[in-house]
Amino acid sequence: MLAPIYEFSADDVVVIIGSGAGGGTLANELCQRGLKTILLEAGRHITPAEFVNDDWAAYEMLSWLDKRTASGNWRVARDHPNAPSWHCKLVGGTTVHWSGCTYRLTQAEMQARSLYGDVPGTSLIDWPLSLAELEPYYDQAERKMGVTRTNGLPAMPPNNNFKVMYWGAKRLGLREISTGRHAINTVPYDNRPATIQDGFSVSGDQHGARWSTLNVEIPKALESGRLDLRASCRATGIEHDNNGAAKAVIYVDANGITHRQAAAVVVVAGNCIESPRLLLNSASGRYPDGLANGFGHVGRHYLRHIIQTVWSIFPHPVNMHRGELMGGLIADFSRHDPSRGFAGGYYIELNAMGLPTTAAFLNPGWWGRDFADVIAQYANMAGIFMTGEDMPQPGNRVTLSETETDAFGVPVANLHYDDHLNDLLMRNHGYKTLTAIHQAAGATRSIEAPAYPASHNLGSNRMSAKPEDGVLDRNGEAHEVKNLFIADGSAFASGGACNPTLSIVALAIRQADFIAKRAQS
Amino acid sequence: MKTVHGRVTAFKDPKLPTAIAIPKGPEWAQVLKNLTHAQAETLVSVIRTLCPHECLDISIYRRAVSHFDRLAAAAEVAGTIDRFCEAIVSGWPLAFGALAETYRVQALQRLQETAEFMFVQRMAVRYLYDDVEVWAAFGYQGASVHLGGYVGRGFNDLDWLPDLPNDL
């Protein structure tokens, strides 16, 4: 079926900005519910055949590389001052890069403020919805994504890196060890093949065993005949009507032509820097500090998870590059346990990288004999990873430069992040645990790698029960701008500990129900 | 002492350009378009000091410098390299490459906090370890989809730990 092309003046369409886990899923869900949908994507529409099995070539092909700046006491500001966050710019968004880990938030995590109490310096709130309300959508998300260990789908088979983690953890007496859950086929499912353990899912996944919006949601939306996909189109502003409701999106197409697309509903799904950047850049007489920013929360409370890796050297080969990269999970530390001295929990997972990126991220700036001796033992290296909940702080935020603009005339974004004491204590606990696991498996040397630019970007347009605590209501609609929604990780009220993609997808399906019901009434 | 860990056959993705050939001997400098020969030789010695691997042939280090040469087509990068190459010999009686390792390390440590050093060190790591000959030397096999992945080629062949239970 030929894809429709809606008129610029069509005011009965939903316009979604960003085609990743949130925007790409929402587009398909709305099309399936009969709504006319336009999907704007800043990056190109490329086919999986273009993807390469190559760390750096893929990074340069997939990543959002437009300049940003960074500030704060975090190490990333020093190591990666112009690229403090890692997400993608192409049709499919960061789902072309993700490693497929699919875990659910817990009810405890969704009541972080109530459970953790008053943690000084944080801006913790509870989610404005319960896990029970989200569970039916988690079920739908797992089904559409083909998550292992759900709906009768087999688990990911263990690889070499898993075997190291397993025996280390077992020898320490840990109990909740498995290969985890992944939106990566272990058997053919939904017209996608089973994994061939190629180890390049994060480089675009040329083979196509892993769910992405590029290979699942967007093709299905196009098949419905209701999706107008506009790639290489950069949104630069959102307009509202006299009642203050969203009504149009301004964007620049691949030829540099600026357009104004009318809309019944506008959904922003550009990840945690671009989404608040677009709202802040859409200031008007009615909304002088940016759209939906009446209480000043747009861009604030940015979260990136406590993510770090320990790389260890063993006396014998590991070959961590062979196979799916993150096929392992230890959940023993995932629950809030005040006796550890910090709030929140963390999951332990696997990490593996090719030699080029291992060398770059092991410890940026490290050089000399010691560095060279470690990297030369790449074949004998294993990687183990943690993702834990970081604390929201109002000063950890996205702001717009007052002096520098990009090629589209939009101010460059700055990302400020200071580690909270709770973050430091969790990092410390995590490093010790990860190292202990590898040592118990026989490691002769462990390197505690510093955090690198996050792909778990969350919280910078958060949902809140009260308008004065956040940007969005429980459906992801702006408290103060009707018909303006957010469908990405920036909507999270708090971070939880687990990889966020499954929750972003579940929230997008739930949001599609809400938008479709309103459209009918 | 040469230590070679797990030498393997490594593959660059067939869709990507192959690595440029570096002529043996001093005529390797013919590949340069932007750097002077002296700058290039300094950078070879710098990268060998930053990332010292006796098992790697000098042509691999020269290939990493050829990437610096390519980047130096941009005036900003050329300026950074000019400043670095001046600073690294400043105060020393000999060319950088003529210094013993002790003094080469000292010379680099003196510049460690400068933007020029950070650029050179980051790019050294970026390009040296992106070389398929280095992958082969250190046991990284590289691109795999065109070979059917690792499902039949050792993704679970680790045999120095006990077997795993079946309920994972």
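Which chain is which? The protein sequence lines are V and W, in order. So the first sequence is residues -7 to 513, counted in the working numbering. So the second sequence is residues 21 to 188, counted in the working numbering. Glycine residues also receive a C-beta, built at the ideal position from the N, C-alpha and C atoms. Note that the structure is predicted; figures quoted are calculated from it, not measured.
List, in order along the chain, the chain W residues whose C-beta lies closer than 7 angstroms to that of residue i?
i, result
"V/Pro149", "Asn176"
"V/Gln189", "Gly169, Tyr170, Val171 and Phe175"
Helix, strand or coil: how does DSSP classify residue i here?
i, result
"V/Val156", "helix"
"V/Asn263", "helix"
"V/Arg60", "coil"
"V/Glu396", "strand"
"V/Asn406", "strand"
"V/Lys458", "coil"
"W/Val24", "Low confidence applies to W/Val24: its pLDDT is 45, below 50, so where it sits in the model is not reliable enough to give any reading."
"V/Met378", "strand"
"V/His251", "strand"
"V/Phe340", "It should be pointed out that residue 340 of chain V corresponds to Ile in this sequence rather than to Phe. DSSP places V/Ile340 in strand when its eight states are reduced to three."
"V/Val194", "helix"
"W/Ala163", "coil"
"V/Gln512", "helix"
"V/Lys212", "helix"
"V/Arg389", "strand"
"W/Lys32", "coil"
"V/Phe477", "strand"
"V/Ala186", "coil"
"V/Lys239", "strand"
By alpha-carbon positions, which one of the options ends up nearest to residue i?
i, options, result
"V/Leu416", "V/Leu283, V/His313, V/Gly26 and V/Asp382", "V/Asp382"
"V/Leu450", "V/Asn263, V/Phe400 and V/Asp281", "V/Asn263"
"V/Val244", "V/Pro73, V/Gly401, V/Thr39 and V/Asp324", "V/Gly401"
"V/Thr39", "V/Thr142, V/Ala(-5) and V/Gln198", "V/Gln198"
"V/Tyr(-2)", "V/Arg252, V/Thr425 and V/Gln503", "V/Arg252"
"V/Ile429", "V/Arg167, V/Val139, V/Lys59 and V/Leu27", "V/Arg167"
"V/Asn153", "V/Ile322, V/His313, V/Thr493 and V/Asn235", "V/His313"
When the Cα atoms are used, what is the spatial distance from residue i to residue j?
i, j, result
"V/Val7", "V/Thr17", "13 angstroms"
"V/Tyr339", "V/Phe306", "23 angstroms"
"W/His166", "W/Ala107", "46 angstroms"
"W/Ala157", "W/Thr56", "30 angstroms"
"V/Trp359", "V/Ser326", "35 angstroms"
"W/Phe116", "W/Met138", "18 angstroms"
"V/Asp324", "V/Gly160", "14 angstroms"
"V/His328", "V/Gly337", "5 angstroms"
"V/Ala100", "W/Arg27", "49 angstroms"
"V/Leu392", "V/Arg296", "19 angstroms"
"V/Val194", "V/Lys136", "20 angstroms"
"W/Ala39", "W/Gln132", "30 angstroms"
"V/Leu164", "V/Gln385", "35 angstroms"
"W/Trp155", "V/Leu347", "7 angstroms"
"V/Ile117", "V/Ala470", "17 angstroms"
"V/Tyr130", "V/Asp362", "46 angstroms"
"W/Tyr123", "W/Thr69", "10 angstroms"
"V/Ala275", "V/Leu283", "6 angstroms"
"V/Ile496", "V/Trp78", "17 angstroms"
"V/Ile249", "W/Gly174", "51 angstroms"
"V/Asp46", "W/Asp33", "7 angstroms"
Do residue i and residue j have their C-beta atoms closer together than 8 angstroms?
i, j, result
"V/Ala364", "W/Cys105", "no"
"V/Ile299", "V/Met418", "no"
"V/Gly319", "V/Thr94", "no"
"V/Leu517", "V/Leu219", "Only positions -7 to 513 of chain V appear in this structure, which leaves residue 517 of chain V out of reach."
"V/Arg67", "V/Ala351", "no"
"V/Leu342", "V/Ile376", "yes"
"V/Ala75", "V/Pro445", "yes"
"V/Ile478", "V/Val260", "yes"
"V/Pro146", "W/Leu188", "no"
"W/Ile67", "W/Val85", "yes"
"V/Glu316", "V/Met148", "yes"
"V/Ser204", "V/Gly35", "no"
"V/Ala256", "V/Asp3", "yes"
For a contact defined as C-beta to C-beta under 9 angstroms, what are the partners of residue i on chain W?
i, result
"V/Trp159", "Leu181, Pro182 and Leu184"
"V/Val310", "Leu178"
For a contact meaning CB atoms closer than 8 angstroms, what does residue i contact in chain W?
i, result
"V/His199", "Val165 and Gly169"
"V/Tyr51", "Under the 8 angstroms cutoff, chain W gives no residues; its nearest Cβ is about 10 angstroms from V/Tyr51."
"V/Val156", "Leu178 and Leu181"
List, in order along the chain, the chain V residues whose C-beta lies closer than 9 angstroms to that of residue i?
i, result
"W/Cys71", "Ala351, Trp359, Gly360, Phe363, Ala364 and Ile367"
"W/Arg146", "Trp48, Pro348, Ala351 and Ala352"
Name the chain V residues that come within less than 8 angstroms of residue i, Cβ to Cβ?
i, result
"W/Asp33", "Val44, Asn45, Asp46 and Ala49"
"W/Asp150", "Asp47, Trp48 and Pro348"
Is any non-hydrogen atom of the ligand MN found closer than 7 angstroms to the C-beta of residue i, if you look at the structure I gave you?
i, result
"W/Gln132", "Judged by which ligands are present, the structure shown has none, so any question about the ligand MN falls away."
Counting only Cβ pairs nearer than 7 angstroms, list the residues of chain V close to residue i.
i, result
"W/Trp155", "Leu347"
Item checked: Positions along the stretch 313 to 325 of chain V whose CB lies within less than 7 angstroms of some CB in chain A -> No chain A appears in this structure, whose protein chains are V and W.
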